[in-house]
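Participant:
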């Protein structure tokens with residue numbers, strides 16, 4: 035029903051606000067082209083009263099990071115009874131906590147990297163595990179705060195314990211997985227294609243690689259053997275379902291094929307609010323599967339519900 039009134043939630047107040055503004059604009063513009071009545075809502079602390087007055091048929095969640103991706107806005111929408119896109123309260127909160135999400139994925143047979151949760155102050159002077167390893171904020175996205183500790187480094191980077199650190203005091207320390215960066219989108223109960231991300235001029239898929247034009251090259255579909263391709267699709271769908279995701283999600287993997295073609299495939303995380311910017315992966319992967327950007331967004335609007 036293209037006559038629905040859709041409130042596109044964008045902006046917000048997390049560190050990922052610029053990404054959300056870009057995602058939200060792209061989605062709002064495309065939904066208007068698809069014939070929906072669209073209201074752009076730059077989310078502030080008063081979002082509950084704004085939406086209660088607006089009374090949209092559907093809330094399209096284009097927020098990223100804490101508040102928009104961690105179950106908080108989802109809870110507000112449940113309370114207001116406004117059907118919304120993407121995952122529900124529990125799956126959003128679970129996926130946002132990288133360590134808890136890994137425990138759930140591991141329990142259903144999804145391979146994950148060895149990791150531990152620690153206070154950033156406890157690891158600032160002594161390696162928590164043998165390098166190489168990665169330090170990640172437990173509840174951030176878009177590679178904010180990710181620090182790679184390389185082999186041969188004598189001590190952890192000073193930024194982890196500094197006053198400049200703004201990503202919370204609890205971090206996840208994870209074994210560094212060598213290899214290629216692969217990602218797979220899931221739409222409903224179908225795993226779409228697998229894409230390889232090749233950062234250009236960056237050591238890993240960081241913020242600029244993701245959102246700056248030319249920051250990375252996307253190989254869609256990924257040039258891997260059919261059995262690895264299918265394995266990643268299977269694992270992405272398994273993680274999506276185990277965590278309880280709804281709508282569209284995107285799982286990220288590392289594939290180490292240095293020693294053999296079968297190599298090691300490791301699941302890193304699931305993104306319940308994957309980017310929808312002009313350089314984003316999910317629209318590109320969906321297009322490979324025959325879904326135009328407009329078709330993808332329309333499907334998400336029609337799939338929206340409460341009690342997700």
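Residue numbers (my numbering): 35 to 342. All C-beta atoms in this analysis are idealised placements derived from N, C-alpha and C, irrespective of residue type, glycine included.
1. What separation, rounded to the nearest whole angstrom, lies between the Cα atoms of residue 185 and residue 167?
2. By DSSP, does residue 340 sit in helix, in strand, or in coil?
3. Output the distance between the C-alpha atoms of residue 65 and residue 183, rounded to the nearest integer angstrom.
4. At which residues does the alpha helix (DSSP H) containing residue 261 begin and terminate?
5. Identify, in the order they occur along the chain, each residue of the same chain with its Cβ nearer than 7 Å to the Cβ of residue 72, setting aside the five sequence neighbours on each side.
6. I'd like to check one pair, residue 131 with residue 159: are the Cβ atoms closer than 8 Å?
7. Quick check on residue 74: does DSSP put it in helix, strand or coil?
8. Keeping to the same chain, check which residues put their C-beta closer than 6 Å to that of residue 327; ignore five residues upstream and five downstream.
9. With a floor of 4 residues, list each alpha helix (DSSP H) that falls wholly inside the segment 153–230, ordered by position along the chain.
10. Is DSSP giving residue 116 helix, strand or coil here?
11. Measuring alpha carbon to alpha carbon, tell me which of 74, 108, 222 ends up nearest residue 59.
12. Beta-carbon within less than 7 Å of residue 307's beta-carbon, same chain only, minus the 5 sequence neighbours each way: which residues are those?
13. If distances are taken between C-alpha atoms only, which option among 36, 163, 224, 157 comes closest to residue 192?
14. Counting Cβ pairs, one atom from each stretch, are 3 or more of them under 8 Å apart for the segment 142–151 and the segment 73–87?
15. Using a 10 Å radius around the Cβ and a threshold of 16 neighbouring Cβ atoms, would you call residue 331 buried or exposed?
16. Tell me where the beta strand (DSSP E) around residue 290 begins and ends.
17. Tell me which residue opens and which closes the beta strand (DSSP E) that residue 97 is part of.
18. Look at the alpha carbon of residue 288 and the alpha carbon of residue 89, and state the distance between them as a whole number of angstroms.
19. Just tell me which of 54, 329, 234, 179 has its CA closest to the CA of residue 201.
20. I'd like to confirm the pairing. Which residues does DSSP put opposite residue 144 in its beta bridges?
21. Can you tell me where the beta strand (DSSP E) holding residue 295 begins and where it ends?
22. Taking Cβ positions, are residue 118 and residue 93 nearer each other than 8 Å?
23. Would the beta-carbon of residue 234 fall within 8 Å of that of residue 315?
24. Pick out whichever of 220, 255, 55, 229 has its Cα sitting closest to the Cα of residue 333.
25. Please list, in chain order, all residues of the same chain as residue 203 whose beta carbon is under 8 Å from its beta carbon, the five residues on each side excluded.
26. Start and end of the alpha helix (DSSP H) containing residue 323?
27. Identify every residue that forms a DSSP beta bridge with residue 253.
28. Go ahead and pull the three-state DSSP assignment for residue 54.
29. Determine, using beta carbons only, whether residue 256 and residue 228 come nearer to each other than 8 Å.
30. Got a sec, what are the start and stop residues for the alpha helix (DSSP H) residue 82 sits in?
Facilitator: Reading from the atomic positions:
1. On the chain shown, residue 185 is found 151 positions in, with the first residue counted as 1. On the chain shown, residue 167 is found 133 positions in, with the first residue counted as 1. Each residue's alpha carbon lies about 8 Å from the other.
2. Taking the first residue of the chain shown as position 1, residue 340 is located at position 306. Assignment of residue 340 by DSSP, reduced to helix, strand and coil, places it in the coil class.
3. As a first step, residue 65 must be located in the chain shown, where it is residue number 31. As a first step, residue 183 must be located in the chain shown, where it is residue number 149. Approximately 43 Å, taken between the alpha carbons.
4. As a working note, residue 261 is residue 227 in the chain shown. Looking at the DSSP string, the run of the alpha helix (DSSP H) that includes residue 261 is 260–277.
5. Taking the chain shown and counting its residues from 1, one reaches residue 72 at position 38. If we look at residue 72 and ignore the five residues flanking it on each side, its Cβ neighbours are 40, 42, 62, 65, 66.
6. Counting from 1 along the chain shown, the entry for residue 159 is found at position 125. Counting from 1 along the chain shown, the entry for residue 131 is found at position 97. Not closer than 8 Å, so no.
7. Translated into positions along the chain shown, residue 74 becomes position 40. Looking at residue 74 - three-state DSSP - the assignment turns out to be strand.
8. Your numbering for residue 327 matches position 293 in the chain shown. So the qualifying residues of the chain are 64, 317.
9. The DSSP assignment places no complete run of the alpha helix (DSSP H) inside the segment 153–230 (cut-off: 4 residues).
10. Start at 1 with the first residue of the chain shown, and residue 116 comes out as number 82. If DSSP states are grouped into helix, strand and coil, residue 116 belongs with coil.
11. Indexing the chain shown from 1 puts residue 59 at position 25. When each option's Cα is compared against that of residue 59, the closest is 74.
12. Within the chain shown, numbered from 1, the residue matching residue 307 stands at position 273. Hits under 7 Å: 95, 97, 98, 102, 103, 120.
13. Along the chain shown, read from residue 1 onward, the residue named residue 192 stands at position 158. That would be 157, whose Cα lies nearest to the Cα of residue 192.
14. no
15. Position 297 of the chain shown, counting from 1, holds the residue named residue 331. Under this definition residue 331 is a buried residue.
16. Position 256 of the chain shown, counted from the start, is the residue given in the question as residue 290. Note, residue 290: beta strand (DSSP E), 282–290.
17. Translated into the one-based positions of the chain shown, residue 97 becomes position 63. Residue 97 -> no beta strand (DSSP E), and no H or E assigned at all.
18. Position 254 of the chain shown, counted from the start, is the residue given in the question as residue 288. Position 55 of the chain shown, counted from the start, is the residue given in the question as residue 89. Approximately 43 Å between the Cα atoms of the pair.
19. Here residue 201 refers to the residue found at position 167 when the chain shown is read from its first residue. Checked all of 54, 329, 234, 179; the closest Cα to residue 201 is 179.
20. Residue 144 sits at position 110 when you count from the first residue of the chain shown. In the DSSP output, where bridge partners are listed per residue, residue 144 has none listed.
21. The residue labelled residue 295 in the question sits at position 261 within the chain shown. From DSSP, residue 295 is part of no beta strand (DSSP E); its letter is neither H nor E.
22. The count along the chain shown starts at 1 and reaches residue 118 at position 84. The count along the chain shown starts at 1 and reaches residue 93 at position 59. Cβ distance < 8 Å, so residue 118 and residue 93 count as in contact.
23. What you label residue 234 is simply residue 200 of the chain shown in a count that begins at 1. What you label residue 315 is simply residue 281 of the chain shown in a count that begins at 1. Not in contact: residue 234 and residue 315 (Cβ atoms no closer than 8 Å).
24. Sequence index remark: in the chain shown, residue 333 carries index 299 (1-based). Looking at the Cα atoms, 220 is the closest of the given residues.
25. Within the chain shown, residue 203 is the residue found at index 169, counting from 1. The residues are 153, 154, 155.
26. Here residue 323 refers to the residue found at position 289 of the chain shown. Where residue 323 is concerned, there is no enclosing alpha helix (DSSP H), given that its DSSP letter is neither H nor E.
27. Stepping through the chain shown from its first residue, residue 253 is reached at position 219. Answer is 230.
28. Position 20 of the chain shown, counted from the start, is the residue given in the question as residue 54. Here residue 54 sits in helix by DSSP.
29. Within the chain shown, numbered from 1, the residue matching residue 256 stands at position 222. Within the chain shown, numbered from 1, the residue matching residue 228 stands at position 194. Yes, Cβ-Cβ distance for residue 256 and residue 228 is below 8 Å.
30. For the purposes of this step, residue 82 is identified with residue 48 of the chain shown, where counting begins at 1. Run containing residue 82: 81–88, per the alpha helix (DSSP H) assignment.
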